[in-house]
Amino acid sequence: MQTFLVPVDFSAASDNALHYAARLATLFKAKLVLFHAYMLPTPVSEVPYVMITADELQKENEKLIQNAASKITEQYQVETSCIVRIGIASDEVKAITKEQSIDLVVMGMKGAGGFEKIIGSTTTNVLRKVSTPVLIVPHDASYRPINIITYPSDFSYPVNASLYNALFEIAKQYGSHIHILNIQTSHSSREADLIAGKMALQTIFEGFKHSFFSREDASVTHGISKYLGQSNSDLLVMVAHKHSFFERIFSQSHTSAMAYETHIPMLVLPEH
Numbered sequence: 165m166q167t168f169l170v171p172v173d174f175s176a177a178s179d180n181a182l183h184y185a186a187r188l189a190t191l192f193k194a195k196l197v198l199f200h201a202y203m204l205p206t207p208v209s210e211v212p213y214v215m216i217t218a219d220e221l222q223k224e225n226e227k228l229i230q231n232a233a234s235k236i237t238e239q240y241q242v243e244t245s246c247i248v249r250i251g252i253a254s255d256e257v258k259a260i261t262k263e264q265s266i267d268l269v270v271m272g273m274k275g276a277g278g279f280e281k282i283i284g285s286t287t288t289n290v291l292r293k294v295s296t297p298v299l300i301v302p303h304d305a306s307y308r309p310i311n312i313i314t315y316p317s318d319f320s321y322p323v324n325a326s327l328y329n330a331l332f333e334i335a336k337q338y339g340s341h342i343h344i345l346n347i348q349t350s351h352s353s354r355e356a357d358l359i360a361g362k363m364a365l366q367t368i369f370e371g372f373k374h375s376f377f378s379r380e381d382a383s384v385t386h387g388i389s390k391y392l393g394q395s396n397s398d399l400l401v402m403v404a405h406k407h408s409f410f411e412r413i414f415s416q417s418h419t420s421a422m423a424y425e426t427h428i429p430m431l432v433l434p435e436h
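When the sequence shown is numbered by the numbering used here, its final residue is 436 and no position is left out of the sequence of numbers.
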């Protein structure tokens, strides 16, 4: 991984994700592309309004992001560049990932609440649109070496080895131990399907330190959250399949907060 895209909105959560990305970039010897999207303000006729031109707004945002980039470059000695555009953030992120050959998008996560409240609507939309791995960093997550990676799987979908490239690059850099976790509920797949899925992953993960773990729980999200705490995991990995495990877990906002009680980053791998 050589180029990381970090969308910034100058919030505390965004700043924390930027510093996390910088630490990763130092390890990978990667370049950081800082990006900020903004919309032109719409004047309200009843309210006195001091008109600011699009050019002035562009220059102000460029000044802010370049200042942030300079601080990161000075602190971490990593190469940075900046992009500022008018537009919807998630649409622009999608475009930039293609234009700049981005290997990883690093975004902040706001805090407690339903899934969209936890990570923010922009991040939610980015996950739905981009075909690049996305690393979501909680607002209160401090950087630490990624020694244990937990990858929950229900073994129910076709497996493509290239899907895990970002995961494997991280595991290789840190010498991580990958925990492949299966949460058994009353609605879990048949035993034969589980065995077949496990065998497929065993072949793909060969060459990396990994172990399989199985836990029983009435709720998959609760089971994952509980395991993350017990295992002292440093990174949660999910695969964003449509109509799949990932979708089922995060379609219900009231259960989503449980998956983040341990406040660790989550790497989302796109299926496409």
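Glycine included, every Cβ here is placed at the ideal spot set by N, Cα and C.
Applying the criterion that 16 or more other CB atoms from any shown protein chain within 10 Å of the CB defines a buried residue, is residue i buried or exposed?
| i | result |
| --- | --- |
| Ala-404 | buried |
| Asp-398 | buried |
| Ala-276 | Unreliable placement is indicated for Ala-276, whose pLDDT of 44 sits below 50; the coordinate value is still reported in the next sentence. Counting Cβ neighbours within 10 Å, Ala-276 comes out exposed, since fewer than 16 surround it. |
| Thr-287 | buried |
| Ala-177 | buried |
| Thr-367 | exposed |
| Ala-245 | Looking at the sequence shown, residue 245 is not Ala but Ser. It counts as exposed. |
| Ile-229 | buried |
| Lys-227 | exposed |
| Phe-369 | buried |
| Phe-279 | Note that Phe-279 has pLDDT 44, beneath the 50 cutoff, so the model's placement of it is unreliable and the number below is only indicative. Buried, since its Cβ has 16 or more Cβ neighbours within 10 Å. |
| Phe-174 | exposed |
In whole angstroms, give me the CA-to-CA distance for residue i and residue j.
| i | j | result |
| --- | --- | --- |
| Phe-372 | Ala-335 | 8 Å |
| Lys-293 | Met-203 | 19 Å |
| Asn-311 | His-374 | 12 Å |
| Gln-241 | Ala-186 | 9 Å |
| Pro-429 | Gly-361 | 26 Å |
| Ser-320 | Leu-358 | 7 Å |
| Ser-295 | Glu-435 | 8 Å |
| Met-363 | Ile-247 | 44 Å |
| Asn-324 | Ala-330 | 13 Å |
| Leu-191 | Val-269 | 16 Å |
| Thr-314 | Lys-193 | 25 Å |
| His-343 | Phe-376 | 6 Å |
| Lys-396 | Leu-188 | Residue identity check: residue 396 is Asn in the sequence provided, not Lys. Each residue's alpha carbon lies about 20 Å from the other. |
| Glu-243 | Ser-254 | 24 Å |
| His-341 | Leu-291 | 26 Å |
| Ser-378 | Ile-252 | 41 Å |
| Ala-356 | Asp-381 | 20 Å |
| Ser-350 | Ser-317 | 16 Å |
| Gln-394 | Phe-332 | 23 Å |
| Glu-224 | Val-197 | 18 Å |
| Lys-258 | Asn-289 | 10 Å |
| Leu-392 | His-427 | 10 Å |
| Thr-206 | Thr-237 | 35 Å |
| Leu-221 | His-386 | 45 Å |
| Pro-309 | Lys-274 | 22 Å |
| Lys-390 | Leu-365 | 23 Å |
| Ile-283 | Phe-199 | Because Ile-283 sits at a pLDDT of 49, beneath the cut-off of 50, its placement in the model cannot be relied upon, and the following sentence gives the value as read from the coordinates. Straight-line Cα distance between these residues: approximately 18 Å. |
So residue i packs on residue j, CB below 8 Å; how close in whole Å?
| i | j | result |
| --- | --- | --- |
| Val-401 | Ile-347 | Going by Cβ atoms, the distance from Val-401 to Ile-347 rounds to 14 Å, so no, they are not a contact pair. |
| Val-172 | Val-298 | About 15 Å; that fails the 8 Å criterion. |
| Leu-169 | Ile-260 | 6 Å |
| Leu-327 | Ile-388 | In fact, because the Cβ distance is near 19 Å, the residues do not count as touching under 8 Å. |
| Gly-272 | Val-301 | 6 Å |
| Ala-499 | Glu-256 | Residue 499 lies beyond the residue range present for the chain, which begins at 165 and ends at 436; the question has no answer from this structure. |
| Lys-195 | Gln-166 | 7 Å |
Pairing CB atoms from the region 303 to 313 with CB atoms from the region 181 to 194, are three or more of them under 8 Å? The answer is yes - the region 181 to 194 touches the region 303 to 313, with three or more Cβ pairs under 8 Å.
Where in the region 225 to 255 do unbroken runs of the beta strand (DSSP E), each at least 3 residues long, occur, reported from the N-terminal end onward? DSSP runs (the beta strand (DSSP E)) wholly in the region 225 to 255: 244 to 250.
Counting beta carbon pairs with one atom in the region 230 to 237 and one in the region 255 to 274, are three or more of them shorter than 8 Å? Judged by Cβ distances under 8 Å, the region 255 to 274 makes no contact with the region 230 to 237, as fewer than three pairs qualify.
Any chance you could list the beta strand (DSSP E) runs of at least 3 consecutive residues sitting entirely within the region 315 to 361, in chain order? Taken in chain order, the complete beta strand (DSSP E) segments of 3 or more residues contained in the region 315 to 361 are 341 to 348.
Beta strand (DSSP E) runs contained entirely in the region 185 to 211, provided each spans 3 or more residues: DSSP runs (the beta strand (DSSP E)) wholly in the region 185 to 211: 195 to 202.
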